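Quick note, the sequences are listed as chains U and X, same order.
If you're matching positions, the first sequence starts at 8 in my numbering and goes up one per residue.
If you're matching positions, the second sequence starts at 8 in my numbering and goes up one per residue.
Read the structure below first, then the notes.
There are 2 protein chains.
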Amino acid sequence: MTAAGRTGISARRARRRRHNHPVFKPTVEDIAVAAGVSTATVSRVLNKPDSVSQFLRDKVRAEVTRLGYLPSGAARALASNRSHTAGAVIPTLNNAIFATAVAAFEAALTNNGYTMLVTVSSYDHIHEIAHVRRLIERGVDALMLVGLDHHDDVWRLIESSKCPAVAIWGHQDNPPIPCLGFDNAAATCGVVDHLVGLGHRRVGMVAGVTEGNDRARARRQGVEETLRRHGLVCTSRRFVEKPYSHQDGRDGLSELLAHGEPPTAIVCGNDVLAMGVMFEARDRGLSIPGDLSVVGFDNLPITEHLSPALTTIDVPSAAIGTATAEAILHHLADGTPIASRVFPAPFLLRQTTAAPA
Amino acid sequence: MTAAGRTGISARRARRRRHNHPVFKPTVEDIAVAAGVSTATVSRVLNKPDSVSQFLRDKVRAEVTRLGYLPSGAARALASNRSHTAGAVIPTLNNAIFATAVAAFEAALTNNGYTMLVTVSSYDHIHEIAHVRRLIERGVDALMLVGLDHHDDVWRLIESSKCPAVAIWGHQDNPPIPCLGFDNAAATCGVVDHLVGLGHRRVGMVAGVTEGNDRARARRQGVEETLRRHGLVCTSRRFVEKPYSHQDGRDGLSELLAHGEPPTAIVCGNDVLAMGVMFEARDRGLSIPGDLSVVGFDNLPITEHLSPALTTIDVPSAAIGTATAEAILHHLADGTPIASRVFPAPFLLRQTTAAPA
DNA sequence: ACTTGCGATGTAAGCGCTTACATCATACTA
DNA sequence: TAGTATGATGTAAGCGCTTACATCGCAAGT
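Here it is as structure tokens:
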């Protein structure tokens with residue numbers, strides 16, 4: 008495959024150029040020939056321009072634009088073992104807070120020549136396995152997952168592929184992979200302290216679904232433990248778990264109100280549930296915070312405009328997305344290990360809490 | 008490169024297996040050897056299992072799972088000229104309506120073995136060029152764009168790469184690429200008819216930024232033309248254009264109210280702006296719809312829970328995302344041409360409109 | 001003048017797959 | 001029984017890049 012091989016290639020290519028004309032996609036070889044250099048030089052111009060003399064560099068670049076050359080990502084990935092892509096597996100995009108994180112992640116990647124592959128797990132750990140497998144097959148250089156609750160196969164896949172992975176949104180000591188998130192439990196803990204400080208004794212919660220969701224679980228635990236610490240009742244009937252919609256929030260409040268001795272304050276697993284609670288309260292003629300205190304979690308943009316403005320926890324979603332991308336990029340660039348990081352998730356005191364009636 | 012070549016490969020691989028042990032990633036060849044078949048058979052088992060005898064099929068599959076084999080997407084893409092990925096270029100992910108469409112698009116792709124690459128253009132046509140180029144370089148089998156306003160270079164890139172592309176959200180006769188969307192102008196036209204029918208003579212608009220955005224432009228034109236058709240005043244001071252935030256909506260209302268003869272009804276370019284208008288009206292003590300009628304566009308989930316519930320246009324975002332993926336998948340599977348499609352975008356009459364005071 | 005060293009360039013061997021084509025049994029046809 | 005489709009399998013040539021290594025020229029060191 009020396010002279011004969013090359014000729015074969017060129018002959019075929021020349022043929023394609025003439026007959027198969029619908030699509031002529033120039034390759035490195037075409038550029039090399041056009042610029043009168045070797046393919047290695049073309050590759051160098053594209054990848055480490057500094058190692059090529061200015062003269063040839065300009066010549067090659069001219070041909071690249073003249074012929075409209077687009078390098079083949081597949082060939083590049085195959086030869087270099089780097090795809091310049093990163094994958095993100097998220098529970099849902101229909102949650103503004105994740106969408107924001109993903110958008111920030113994508114922006115940082117794009118600014119550095121990377122492209123993002125996204126896949127939505129719908130909170131399903133079994134599906135997630137297939138998604139992670141697929142992303143690894145696609146050759147992503149790194150992976151972003153949400154939380155630390157994952158199927159064993161996911162960990163195995165990450166382990167055996169040696170694909171750098173980082174978990175966001177959560178926080179844990181000695182996590183299996185680096186973790187960029189915040190302390191979900193501490194956040195709700197602070198909320199309860201505040202509520203108890205206002206005089207509330209009957210605190211309820213409309214939590215997110217905690218099964219298979221370490222963030223939701225931590226938030227619920229934060230509430231439970233703090234309630235106990237204050238010596239307050241913390242029965243299961245004060246806790247309902249709901250998926251993610253305004254209607255779920257409404258339903259949550261209805262259920263909490265159905266029992267005798269209903270809570271005077273409700274902590275919510277996220278802002279959407281909190282808004283649902285607020286809507287339902289409004290429709291039932293309950294005034295907030297007069298009759299009922301409500302606290303959310305996420306600080307969605309709309310919450311500050313509500314009347315009353317929702318007291319909530321500010322989740323630094325964009326910062327996490329950006330930081331994750333940067334950590335990955337650094338790691339990929341020079342091997343810098345990815346360090347776990349705990350972001351502050353400050354309590355935003357607004358207008359939906361007050362002393363109980 | 009016959010016997011010698013192969014031996015060379017095997018030798019290298021064997022060496023890697025022993026020394027370089029940190030990561031041993033089996034290849035088709037490893038599977039082939041382990042199963043006692045040729046690499047072609049392994050490939051067939053993976054891609055068209057029906058063409059292989061059950062006996063060998065099972066044998067190969069057993070080795071695949073035993074060795075934890077993950078095919079290399081890059082090699083596969085390079086050899087087959089199909090990456091099994093599709094790209095989406097969207098203006099922003101921080102708009103629930105796009106996030107929903109993207110999520111639906113992704114779900115349909117994933118269900119069919121495809122993976123989605125996403126890139127956010129931030130409404131910047133120049134940036135978009137680079138994004139489209141990159142996606143094409145990555146070898147996406149198809150592309151989803153939003154709207155039909157794009158830089159010439161984008162069209163050129165699509166044209167010369169022969170990458171199937173579809174535009175969503177918009178509508179146009181004889182579009183350059185298939186278009187799955189709805190009639191933005193007709194929608195706001197209907198809105199104005201309704202408002203005028205209620206007796207409004209002074210109708211204003213808080214539009215989205217129309218420059219470089221055919222959807223926003225069509226919505227605004229729908230309002231303008233209908234106003235003229237009814238013989239009503241349609242001056243530029245009745246129109247303000249704003250980006251996408253609640254605050255922008257508030258600002259929009261403030262500006263519209265700053266002039267003498269302020270509008271009695273306001274059509275908004277999207278629901279976020281509409282909510283901003285509602286918040287500002289509330290803070291100014293204006294009652295809706297008593298003092299001011301407001302209409303949104305998108306039908307975000309929250310809008311029906313607002314008080315009063317927002318009258319708006321229902322944008323079939325999930326349906327568009329799903330349909331786009333399916334059309335692309337069909338096209339990729341058997342060449343079925345992608346047909347343009349106009350989705351209904353029904354007017355949802357709720358509680359924010361009434362006859363003027 | 002004669003190494004040395006170094007930066008710029010070329011050579012060619014892969015990267016891990018897919019697939020056209022060749023081969024070979026096997027089962028039909030007549 | 002010879003001839004021929006037919007289906008299953010193997011062979012090996014690429015797909016379009018990157019990169020280790022070889023080569024070459026030239027300035028600097030002795």
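Even glycine gets a Cβ: it sits at the ideal position worked out from N, Cα and C.
Here the structure is a predicted model, which means the values were calculated and not measured.
When X/C275, X/V240, X/D255 are compared, the shortest CA-CA separation from X/R227 is found for X/C275. In the displayed model, U/K32 falls within coil according to three-state DSSP, outside both helix and strand. For X/K249, the three-state secondary structure derived from DSSP is strand. The continuous alpha helix (DSSP H) containing U/R68 extends over residues 61-74.
For X/I184, there is no enclosing alpha helix (DSSP H), as DSSP marks it with neither H nor E. Contact annotation for U/G292 against chain X: no contact, minimum CB-CB distance about 12 Å [criterion: below 7 Å].
With a cutoff of 8 Å on beta-carbon distance, X/I320 and X/T359 are scored as not near each other. CA-CA distance, X/A111 to X/S129, rounds to 20 Å. The C-alpha of X/V322 lies about 29 Å from the C-alpha of U/P315. Per the Cβ contact rule, the stretch 269-289 of chain X is in contact with the stretch 198-215 of chain X (3 or more Cβ pairs under 8 Å). At a cut-off of 8 Å, the C-beta of X/F286 has a neighbouring C-beta in chain U.
If you check the CB distance, X/V147 and X/T233 do not come in under 8 Å.
Rounded to whole angstroms, the gap between the alpha carbons of X/E248 and X/D255 is 9 Å. When rounded, the separation of the alpha-carbon atoms in X/E36 and X/A82 is 13 Å. In this structure, the straight-line span from the alpha carbon of X/S79 to that of X/S168 is close to 24 Å. In the DSSP annotation of this structure, the continuous segment of the beta strand (DSSP E) that includes U/F350 starts and ends at 348-350.
In the three-state DSSP reduction, X/C196 falls in the helix class (H, G or I). With a cut-off of 8 Å on Cβ pairs, the stretch 47-62 of chain X is not in contact with the stretch 89-106 of chain X, counting fewer than three such pairs. Its chain contains A364 as the residues whose beta carbon lies nearer than 7 Å to that of X/D298, once the 5 sequence neighbours on both sides are disregarded; these appear in chain order. Contact between the stretch 176-185 of chain U and the stretch 141-159 of chain X is not established, with fewer than three Cβ pairs separated by less than 8 Å. Rounded to the nearest whole angstrom, the C-alpha separation of X/L355 and X/G328 is 21 Å. In this structure, X/R140 places its C-beta atom within 8 Å of the C-beta atom of X/L164. For U/V71, there are no C-beta contacts with chain X under 8 Å, since the nearest C-beta of that chain is about 12 Å from it. The way I'd put it, the stretch 67-77 of chain X does touch the stretch 39-50 of chain X; three or more beta-carbon pairs between them come closer than 8 Å. In this structure, X/F246 is the residue among X/F350, X/R209, X/F246 with its C-alpha nearest to the C-alpha of X/T217.
Scanning chain X for C-beta atoms nearer than 9 Å to the C-beta of U/E113 yields L100, V125, T126, V127, reported in chain order. For the options U/A194, U/D258, U/H207, the alpha carbon positioned closest to that of U/V213 is the one of U/D258. Scanning chain U for C-beta atoms nearer than 7 Å to the C-beta of X/A106 yields L100, N101, A106, reported in chain order. Chain X places no beta carbon closer than 8 Å to that of U/H132, leaving this residue out of the contacts.
Against chain U, a Cβ distance below 7 Å from X/E166 picks out nothing, because the smallest value is about 10 Å. For a cut-off of 8 Å, the C-beta gap from U/A108 to U/S324 is around 4 Å, short enough to register as a contact.
Chain-ordered listing is empty here: chain X has no CB closer than 8 Å to the CB of U/P296, the nearest sitting near 17 Å. By a beta-carbon distance limit of 8 Å, X/D341 does not contact X/L317. Their separation comes to about 43 Å.
In this structure X/L63 is not in contact with X/T46, their Cβ atoms being roughly 13 Å apart against a cut-off of 8 Å. Interface with chain U (8 Å Cβ-Cβ cutoff): X/H338 is excluded. For X/A172, the enclosing beta strand (DSSP E) stretches over residues 172-176.
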